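Q:
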Amino acid sequence: MSRSLTPRELAAAVGLSESSLKRWADDGLVRVTRTAGGHRRIAVPEAVRFIRAMGLPVVDPRPLGITMPSRARRVSEGEASVGGSAAAWLQTALSEGDAEAARGMIVAMYLDGHEPHDICDGPVARALREIGELWKHGEEGIFIEHRATDLCLQAMSELRRLIPEPPEGAPIAVGGAPPGDPYILPSMMVATVLAAEGWRPINLGPETPDHVLLSAARVNHAVLLWRCLSVAEHERTSGAELASLADHVRLEGAHVVAGGRGCPSRVMPHRDNLMLASSMGELAAFARGLRAAHRPVEGGGA
Numbered sequence: 005m006s007r008s009l010t011p012r013e014l015a016a017a018v019g020l021s022e023s024s025l026k027r028w029a030d031d032g033l034v035r036v037t038r039t040a041g042g043h044r045r046i047a048v049p050e051a052v053r054f055i056r057a058m059g060l061p062v063v064d065p066r067p068l069g070i071t072m073p074s075r076a077r078r079v080s081e082g083e084a085s086v087g088g089s090a091a092a093w094l095q096t097a098l099s100e101g102d103a104e105a106a107r108g109m110i111v112a113m114y115l116d117g118h119e120p121h122d123i124c125d126g127p128v129a130r131a132l133r134e135i136g137e138l139w140k141h142g143e144e145g146i147f148i149e150h151r152a153t154d155l156c157l158q159a160m161s162e163l164r165r166l167i168p169e170p171p172e173g174a175p176i177a178v179g180g181a182p183p184g185d186p187y188i189l190p191s192m193m194v195a196t197v198l199a200a201e202g203w204r205p206i207n208l209g210p211e212t213p214d215h216v217l218l219s220a221a222r223v224n225h226a227v228l229l230w231r232c233l234s235v236a237e238h239e240r241t242s243g244a245e246l247a248s249l250a251d252h253v254r255l256e257g258a259h260v261v262a263g264g265r266g267c268p269s270r271v272m273p274h275r276d277n278l279m280l281a282s283s284m285g286e287l288a289a290f291a292r293g294l295r296a297a298h299r300p301v302e303g304g305g306a
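Using this note's numbering, read the sequence shown as starting at 5 and increasing by one per residue.
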């Protein structure tokens, strides 16, 4: 699929006239580039940003390269709330292995103006929590849960594709899960949330040793390091390990944020540059504040 649209294609997607789109482009409400022949082109992430900023309905998602089956359309038309029935609808799609419906619902919520952290904390978390209980009723539940996780990974990849690139000089974040933690989805959700908050996330994924994380942070001049702790056994040792990470990056002015069910619940060593986030919403708020205080490093990097 082309990564850009013509004004006519974007107009068709939102049910408006091409002349209206061109006028808004001329007024600077939607950013356009020009081809060698002088024709206007609109990048897909910029088109999505414009749709969300203007609160426009998507009447035809095809020009955006999005497939939105009937169940997903019901979400985009406001028949389900992020805090309510959307989770049940998403759970059904994930349980049935309906990749297009699941992906379409998550994208529809984003197009409707909901932030990735709300989508992750709400419908995605609730749906996966319910599906995660199915193994108690038979082995089929394990298969359903694994398939549902894969569908969520696909949806997060699609969502990330629609998020605009951050501006030049945006702060960099690196992160992943520690050794012994094989879960992929939490770090992918963190990267998506951070991208939506204007960061440049580098997701190192699962099974990432501390020294690799620190090396990546140093090479990329990262301002933020994240740790996803999804294995409960990490709770006993993660406090000291997180404090050590924070100590290693303190002089560079970097911060460490961690979350997940493996986070330490008891009192842990205090560090000014260490935060435990209990939700993606808390992560987003922390990242937003840190980004506001960030100043790019002279001569490149972040």
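All C-beta atoms in this analysis are idealised placements derived from N, C-alpha and C, irrespective of residue type, glycine included. In this text, all values refer to a predicted model and were calculated from it rather than measured experimentally.
1. DSSP on threonine 37, reduced to helix/strand/coil?
2. Tell me, to the nearest whole angstrom, how far the beta carbon of proline 120 is from that of valine 197; I am working on the premise that it is less than 8 Å.
3. In whole angstroms, what separates the C-alpha of glycine 305 from that of histidine 252?
4. Taking contact to mean at least 3 C-beta pairs separated by less than 8 Å, is the stretch 115 to 130 in contact with the stretch 278 to 288?
5. Give me the DSSP bridge partner(s) of histidine 259.
6. Alpha carbon to alpha carbon, what distance is there between glutamate 172 and isoleucine 70?
7. From the DSSP output, in three-state form, read off alanine 97 for me.
8. Please tell me whether alanine 174 and arginine 53 are closer than 9 Å, where the distance is taken between their beta carbons.
9. Look at isoleucine 188 and threonine 212 and say whether their C-beta atoms are less than 9 Å apart.
10. Pick helix, strand or coil for proline 171, following the three-state DSSP scheme.
11. Output the boundary residues of the alpha helix (DSSP H) element that contains glycine 145.
12. With a threshold of 8 Å on Cβ separation, who are the neighbours of glycine 184 within its own chain once the five nearest residues in sequence on each side are excluded?
13. Kindly give me the distance between the Cβ atoms of alanine 105 and proline 67, rounded to whole angstroms, as I take these residues to be in contact under 8 Å.
14. Taking DSSP's pairing of strands, which residues face proline 205 in a bridge?
15. To which residues of the same chain is proline 11 closer than 6 Å at the C-beta, ignoring the five residues directly before and after it?
16. Does the distance from the CB of alanine 250 to the CB of leucine 218 come in under 9 Å?
17. Would you list the residues sitting across from methionine 109 in a DSSP beta bridge?
18. Just how far apart, CA to CA, sit arginine 275 and valine 128?
19. Considering only residues of the same chain and omitting the five flanking positions on each side of leucine 115, which have a CB-CB separation below 7 Å?
20. CB-CB under 8 Å to alanine 17, same chain, minus the five flanking residues each way: which ones, in chain order?
21. In angstroms with no decimal places, state the Cα-to-Cα distance between alanine 97 and glutamate 201.
22. Could you tell me if isoleucine 146 is buried or exposed, where buried requires 16 or more neighbouring beta carbons within 10 angstroms of its beta carbon?
A: Reading off the structure:
1. Start at 1 with the first residue of the sequence shown, and residue 37 comes out as number 33. Under the three-state reduction of DSSP, threonine 37 is assigned to strand.
2. Mapped onto the sequence shown, residue 120 falls at position 116. Mapped onto the sequence shown, residue 197 falls at position 193. At roughly 5 Å, the Cβ-Cβ gap stays under 8 Å, so proline 120 and valine 197 are in contact.
3. Counting from 1 along the sequence shown, the entry for residue 305 is found at position 301. Counting from 1 along the sequence shown, the entry for residue 252 is found at position 248. Confidence in glycine 305 is poor, its pLDDT being 43 and thus under 50, which makes the residue's placement too unreliable to answer from.
4. Three or more Cβ pairs closer than 8 Å define a contact, and the stretch 115 to 130 meets that threshold against the stretch 278 to 288.
5. Within the sequence shown, numbered from 1, the residue matching residue 259 stands at position 255. In DSSP, histidine 259 forms a bridge with Leu228.
6. Reading the sequence shown from its first residue, position 66 is the one you call residue 70. Reading the sequence shown from its first residue, position 168 is the one you call residue 172. The straight-line gap from Cα to Cα measures roughly 28 Å.
7. Start at 1 with the first residue of the sequence shown, and residue 97 comes out as number 93. If DSSP states are grouped into helix, strand and coil, alanine 97 belongs with the helices.
8. As a working note, residue 174 is residue 170 in the sequence shown. As a working note, residue 53 is residue 49 in the sequence shown. Taking C-beta atoms as the reference points, alanine 174 and arginine 53 fail to come closer than 9 Å.
9. Counting from 1 along the sequence shown, the entry for residue 188 is found at position 184. Counting from 1 along the sequence shown, the entry for residue 212 is found at position 208. No, they are not a contact pair.
10. Taking the first residue of the sequence shown as position 1, residue 171 is located at position 167. Judged by DSSP in its simplified three-state form, proline 171 adopts coil rather than helix or strand.
11. In the sequence shown, counting from the first residue as 1, residue 145 sits at position 141. Following the DSSP letters along the chain, one finds glycine 145 inside the alpha helix (DSSP H) bounded by residues 144 to 166.
12. The count along the sequence shown starts at 1 and reaches residue 184 at position 180. So the qualifying residues of the chain are Glu211, Val235, Glu237 and His238.
13. In the sequence shown, residue 105 corresponds to position 101, counting from 1. In the sequence shown, residue 67 corresponds to position 63, counting from 1. Going by Cβ atoms, the distance from alanine 105 to proline 67 rounds to 20 Å, so no, they are not a contact pair.
14. For this step, residue 205 is matched to residue 201 along the sequence shown. For proline 205, which the question treats as bridged, DSSP gives the partners Ala177.
15. To locate residue 11, count along the sequence shown from 1; it is residue 7. Counting only residues of its own chain and dropping the five nearest sequence neighbours on each side, proline 11 has a CB closer than 6 Å to the CB of Glu22, Leu25, Lys26 and Arg44.
16. Counting from one through the sequence shown, the residue named residue 250 turns up at place 246. Counting from one through the sequence shown, the residue named residue 218 turns up at place 214. Not a contact, by the Cβ cut-off of 9 Å.
17. Numbered from 1 along the sequence shown, position 105 holds the residue referred to as residue 109. According to DSSP, methionine 109 bridges with nothing at all.
18. Position 271 of the sequence shown, counting from 1, holds the residue named residue 275. Position 124 of the sequence shown, counting from 1, holds the residue named residue 128. Those two C-alpha atoms are separated by around 31 Å.
19. Residue mapping note: residue 115 aligns to position 111 of the sequence shown, counting from 1. Result list for leucine 115: Val52, Ile55, Arg56, Val62 and Ser80, in chain order.
20. Here residue 17 is taken as the residue at index 13 of the sequence shown, counted from 1. Excluding sequence positions up to five before and after alanine 17, its CB lies within less than 8 Å of the CB of Leu9, Ala51, Ile55, Val62, Val63, Asp64, Pro65, Arg66, Pro67 and Leu68, all in the same chain and listed in chain order.
21. One-based indexing of the sequence shown puts residue 97 at position 93. One-based indexing of the sequence shown puts residue 201 at position 197. Between alanine 97 and glutamate 201, the C-alpha separation is close to 28 Å.
22. Numbered from its first residue, the sequence shown carries residue 146 at position 142. By the 10 Å Cβ count, isoleucine 146 comes out exposed.
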